[in-house]
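Residue numbers (my numbering): 107 to 186. Worksheet: one structure, shown below.
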């Protein structure tokens, strides 16, 4: 699991807009990747991936944080 593959999904959501049908599919994949990352390394892994993605383009930091928060909400609470 690399931050690059997750970043590609985030960028796809950015390109299509959050309400587009394609963005919904990308968000589903992003949630799945988040669950996989959490299972592999816990919350610290999710945090590290998020930091890498957000710092990759500081101009998009807020939007990317919002996208990740929406896709990954509840992952750590449910333990998935």
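A virtual CB, placed ideally from N, CA and C, is assigned to each residue, including glycine. Only a predicted model underlies this, so the values are computations on that prediction, with no experimental measurement involved.
Residue i in three-state terms, based on DSSP
i           : result
residue 126 : coil
residue 171 : helix
residue 180 : coil
residue 161 : helix
residue 134 : helix
residue 151 : helix
Counted within 10 angstroms of its Cβ, other Cβ atoms place residue i as buried (16 or more) or exposed
i           : result
residue 130 : exposed
residue 148 : exposed
residue 140 : buried
residue 152 : buried
Residue i vs residue j beta-carbon contact at 8 Å
i           : j           : result
residue 174 : residue 156 : yes
residue 159 : residue 112 : yes
residue 166 : residue 120 : yes
residue 133 : residue 177 : yes
Say whether the segment 112 to 123 touches the segment 159 to 173, bearing in mind that this needs 3 or more beta-carbon pairs closer than 8 Å, one atom from each stretch.
yes
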